[in-house]
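Novice: In the numbering used here, the protein residues as written are 4 to 380.
We put the CB at the ideal spot given by N, CA and C, even for glycine.
The structure that follows is given in the form of structure tokens.
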């Protein structure tokens, strides 16, 4: 560490480490300023703060690259990586990437959130962008790149739903299935049955089902499809494999579907691509757009994603008298989440006579037969 005369002023030179480490330099017009800076560097080095000061000059984009390679890829699930990658590419890097780490203050983070909301970015996308930014700076603190995490001090958009879930009635589910059956899409009608009547998460749980998972009395959920990769485990971390009571109408739907494709073996996927491999994300997105939404519109059902069909399963089982802990177990989340999500459904169905889920489905299937015949003609 020393002060030297340089062209146009005075230059302070120092090394972050010992001999052989990278040399840094900064130029000042006045020697007094150079001497003050040199003294500050010596003090920081004595206190062990020099490395922290140097790391703070790195940019948010540089942190993102290091965090992605050293932390995110080795530790996060592929689906989570996909969500974080979209947040980084679309919002974090374009708006914050050139900022130095020490420049990202809580005020700057609050401005980042405000900018996204003014630009019309959705609540979920804004939240994900702030979550990934906070995760990056959490590691930066551990790596001694920054002294504190500025993102944790800024409130994020709530993750809670602001509107009640929509639970399709069995008659509405059957109206969609009728359209699909009339079009000769038996596989798609069976997919709808498994989501709406068994509560599977789509696409990850539905498209990871193998023939062996369909048992005599239960449906075993023990793996997920993450963009074409079949991985073990549940969406809720630490949740054990779950066995859902298999309803008789759904068992018959699956049996009919398997018969139509030649009774595949136990390890075969229930819904593979034509090449036999698991669906990729874009396969599902194409199906959702071309098959699901087309059938839904034809059946006169309001816009909703296929995932929301699983709320119909909750409504079926609440009407059948299943307890909250039992329903939570079968849906694969906590009893508290079940209560928070379906309180309005519980109150709506209160006082109605209990009716088994099988009977509700069978009654709904009696209704659209005439309409299905008209569609076929």
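Give me the DSSP bridge partner(s) of residue 232.
Specialist: 229
Novice: Ignoring anything shorter than 4 residues, give me the alpha helix (DSSP H) runs that lie fully in the segment 243-275, in order along the chain.
Specialist: 251-263
Novice: Is the Cβ-Cβ distance between residue 87 and residue 135 less than 8 Å?
Specialist: yes
Novice: How far does the beta strand (DSSP E) with residue 6 in it extend, from its first residue to its last?
Specialist: 5-9
Novice: If you measure between the beta carbons of residue 179 and residue 270, is that distance less than 8 Å?
Specialist: No. Outside cutoff.
Novice: On the DSSP letters alone, give me the boundaries of the beta strand (DSSP E) that residue 28 sits inside.
Specialist: 26-31
Novice: If residue 133 and residue 70 are in contact, beta carbons under 8 Å, what's the gap, nearest whole angstrom?
Specialist: Residue 133 to residue 70, Cβ: 15 Å. No contact.
Novice: Does the Cβ-Cβ distance between residue 360 and residue 319 come in under 8 Å?
Specialist: Yes.
Novice: Does the beta-carbon of residue 219 have 16 or more other beta-carbons within 10 angstroms, so that it is buried, or is it exposed?
Specialist: The residue is exposed, with fewer than 16 neighbouring Cβ atoms inside 10 Å.
Novice: Since residue 222 and residue 249 are thought to touch, with beta carbons under 8 Å apart, how far apart are those beta carbons, to the nearest angstrom?
Specialist: 5 Å
Novice: According to the neighbour-count rule (16 or more other Cβ atoms, all chains shown, within 10 Å of its Cβ), is residue 112 buried or exposed?
Specialist: buried
Novice: Check this for me: beta carbons of residue 324 and residue 367, under 8 Å apart or not?
Specialist: no
Novice: Could you name each continuous alpha helix (DSSP H) segment of 4 residues or more that falls completely within the segment 303-335, going from the start of the chain to the end?
Specialist: 313-323, 327-334
Novice: Give every residue of the same chain whose Cβ lies closer than 8 Å to the Cβ of residue 172, excluding the five residues on either side of it in the sequence, and list them in chain order.
Specialist: The residues 315, 318, 367, in chain order, have a CB closer than 8 Å to that of residue 172 in the same chain once the five nearest residues on each side in sequence are set aside.
Novice: Taking the alpha carbon of residue 93 as the point to measure from, which residue in 114, 131, 110 has its own alpha carbon closest?
Specialist: Out of 114, 131, 110, the CA that lies nearest to the CA of residue 93 is found in 131.
Novice: Residue 53: buried (16+ other C-beta within 10 angstroms of its C-beta) or exposed?
Specialist: Confidence at residue 53 is low in this model, with a pLDDT of 46, below 50, so its placement is unreliable and the value that follows should be read with caution. The residue is buried, with at least 16 neighbouring Cβ atoms inside 10 Å.
Novice: Does the separation of the CB atoms of residue 382 and residue 30 fall below 8 Å?
Specialist: For residue 382 there is no data in the structure shown, the boundaries of the chain being 4 and 380.
Novice: Straight-line CA distance for residue 7 to residue 45?
Specialist: 16 Å
Novice: Just curious, the alpha helix (DSSP H) that residue 197 is in, first and last residue?
Specialist: 189-201
Novice: Can you find at least 3 beta carbon pairs, one from the segment 242-258 and one from the segment 290-309, that sit closer than 8 Å?
Specialist: no
Novice: How do the segment 332-351 and the segment 257-272 stand: do at least 3 beta-carbon pairs fall below 8 Å, yes or no?
Specialist: By the Cβ test, the segment 332-351 is not in contact with the segment 257-272, since fewer than three Cβ pairs between them sit closer than 8 Å.
Novice: What does a CB cutoff of less than 7 Å around residue 337 pick up in its chain, not counting 5 residues either side in sequence?
Specialist: 331
Novice: To the nearest angstrom, report how far apart residue 76 and residue 84 are at their CA atoms.
Specialist: 7 Å
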